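Q: Below is a structure I'd like to ask you about.
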């Protein structure tokens, strides 16, 4: 089995304007979160989280995340909640979804299939 | 069906340091490749063993470089194999009442889920002090549990 490379790349940080002027920050990452990339992951999340209390983390191209990475994700979610917002995960790859489920993180953070699903949820909640 | 018995015992001596887990993954992948596991099952084994090794490096060797870790792979029977890590670190003390993964997630805990992740994936996780000094961590994996673990944790997002 070919192992994924040992890097995490920031693909994009963008703003999504939802209904009622609410703005969501979306970060898309590619690669793996493990000992060699944990600090980059932490810094990318913090950067995206600063833009809005509502943070979407797109894991469609994330191939792996270790326990420290999960901890960083939860810590960032706490920081978003302290600002009255949330952190949600969107479109996780098969492997990322499996690790999020196994670790119980998917029971605590909302995991959505698409950005549209999140926007629909927000409209319904409004 | 996996035929683990046909694979061979293998071992490799690694040294602690920044490249240790990179080497561990490379060798583990070499051990696991002939087993013909589902790629997600392989990922789970790598996750569990990496967590064990990360604990040795961080808590055992306190991130000091150049200390030995012996990684061994043993096929046990047709359905099970064992991976062990032996170190020369001070005797490890395991937490008496470990929190569940769900509780750790609820608490937004940044640390402390490595051992529970190992237990979630492996059939057994055992720690034994070595005679002179150090610890041996032994993880037993079975095809059945790995398949179940993949299946149970592959549910779709909402």
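Chains as they are written, first to last, in this note's numbering: chain A, 1 to 126; chain B, 1001 to 1158.
Here a beta-carbon is modelled for each residue, glycine too, at the ideal position from N, C-alpha and C.
If you're wondering where the values come from, they're calculated on a predicted model, not measured in any experiment.
Measure the alpha-carbon distance for residue 1116(B) versus residue 124(A) and round it to whole angstroms.
A: Position 116 of the second chain holds residue 1116(B). Position 124 of the first chain holds residue 124(A). Distance between the alpha carbons of residue 1116(B) and residue 124(A) is about 37 Å.
Q: Assuming contact is defined by CB atoms lying nearer than 8 Å, are residue 58(A) and residue 34(A) in contact in what I supplied?
A: Within the first chain, the letter at position 58 stands for residue 58(A). Within the first chain, the letter at position 34 stands for residue 34(A). No, these two residues do not count as a Cβ contact at 8 Å.
Q: Taking Cβ positions only, does residue 47(A) come closer than 8 Å to chain B?
A: The residue labelled residue 47(A) in the question sits at position 47 within the first chain. It does not; no Cβ of chain B falls within 8 Å.
Q: Using a Cβ-Cβ distance cut-off of 8 Å, determine whether residue 1049(B) contacts chain A.
A: The residue labelled residue 1049(B) in the question sits at position 49 within the second chain. Judged by the 8 Å Cβ criterion, residue 1049(B) is not in contact with chain A.
Q: Could you tell me whether any Cβ in chain A is nearer than 8 Å to the Cβ of residue 1110(B)?
A: If you number the second chain from 1, residue 1110(B) lands on position 110. True, the Cβ-Cβ gap to chain A drops below 8 Å.
Q: Leaving aside the five residues before and after residue 51(A) along the sequence, list all residues of the same chain whose C-beta is less than 6 Å from its C-beta, in chain order.
A: Taking the first chain and counting its residues from 1, the one referred to as residue 51(A) is at position 51. 25.
Q: Can you find a C-beta in chain B that's less than 8 Å from the C-beta of residue 28(A)?
A: By one-based count along the first chain, residue 28(A) stands at place 28. Judged by the 8 Å Cβ criterion, residue 28(A) is not in contact with chain B.
Q: Could you tell me the alpha carbon to alpha carbon distance between residue 92(A) and residue 1061(B), rounded to whole angstroms?
A: The sequence position of residue 92(A) within the first chain is 92, counting from 1. The sequence position of residue 1061(B) within the second chain is 61, counting from 1. Cα-Cα distance, rounded: 34 Å.
Q: Should the stretch 1066-1080 of chain B be regarded as contacting the stretch 93-111 of chain A, the criterion being three or more beta carbon pairs within less than 8 Å?
A: Flag = no, the stretch 1066-1080 of chain B and the stretch 93-111 of chain A do not touch.
Q: Using the beta-carbon count (16 or more within 10 Å), is residue 1093(B) buried or exposed?
A: In the second chain, residue 1093(B) corresponds to position 93, counting from 1. So residue 1093(B) counts as exposed.
Q: Can you find the residues in the same chain that come closer than 8 Å, C-beta to C-beta, to residue 83(A), ignoring five residues on each side of it along the sequence?
A: Position 83 of the first chain, counted from the first residue, corresponds to residue 83(A). Cβ neighbours of residue 83(A) beyond the five flanking positions: 53.
Q: Would you mind listing the alpha helix (DSSP H) stretches within the stretch 14-42 of chain A that are 4+ residues and don't spill past its ends, in chain order?
A: For the stretch 14-42 of chain A, not a single whole alpha helix (DSSP H) run of length 4 or above is found.
Q: Given that a residue counts as buried once 16 or more other Cβ atoms are within 10 Å of its Cβ, and exposed if not, what is residue 1050(B)?
A: By one-based count along the second chain, residue 1050(B) stands at place 50. Residue 1050(B) should be labelled buried.
Q: Along chain B, which residues have their Cβ under 9 Å away from the Cβ of residue 116(A)?
A: Numbered from its first residue, the first chain carries residue 116(A) at position 116. Within chain B, no residue comes near residue 116(A); the closest Cβ sits about 12 Å away, beyond 9 Å.
Q: So that I know if they touch, is there some Cβ in chain B lying closer than 8 Å to that of residue 99(A)?
A: Numbered from its first residue, the first chain carries residue 99(A) at position 99. Residue 99(A) counts as touching chain B.
Q: Taking the straight line between their C-alpha atoms, what separation do you get for residue 15(A) and residue 1112(B)?
A: Translated into the one-based positions of the first chain, residue 15(A) becomes position 15. Translated into the one-based positions of the second chain, residue 1112(B) becomes position 112. Spanning the two alpha carbons is a distance of roughly 33 Å.
Q: Please report whether the beta-carbon of residue 82(A) lies at a distance below 8 Å from any beta-carbon of chain B.
A: Along the first chain, one-based indexing puts residue 82(A) at 82. By this cut-off, residue 82(A) is not an interface position.
Q: Give the interface partners of residue 1043(B) over in chain A, defined as CB-CB distance under 9 Å, in chain order.
A: Residue mapping note: residue 1043(B) aligns to position 43 of the second chain, counting from 1. Simply 1, 63, 64, 95, 98 and 99.
Q: Answer with yes or no whether the minimum CB distance from residue 75(A) to chain B is below 8 Å.
A: As a first step, residue 75(A) must be located in the first chain, where it is residue number 75. Yes, its Cβ sits closer than 8 Å to a Cβ of chain B.
Q: Assuming residue 1103(B) contacts residue 1135(B) under a Cβ cut-off of 8 Å, what Cβ separation, rounded to an integer in Å, is found between them?
A: If you number the second chain from 1, residue 1103(B) lands on position 103. If you number the second chain from 1, residue 1135(B) lands on position 135. About 26 Å; that fails the 8 Å criterion.
Q: If the cut is a Cβ gap below 7 Å, which residues of chain A does residue 1120(B) touch?
A: As a position in the second chain, residue 1120(B) is number 120, starting the count at 1. Going along chain A in sequence order, the residues near residue 1120(B) (Cβ under 7 Å) are 102.
Q: Do residue 76(A) and residue 46(A) have their C-beta atoms within less than 8 Å of each other?
A: The sequence position of residue 76(A) within the first chain is 76, counting from 1. The sequence position of residue 46(A) within the first chain is 46, counting from 1. Yes, Cβ-Cβ distance for residue 76(A) and residue 46(A) is below 8 Å.
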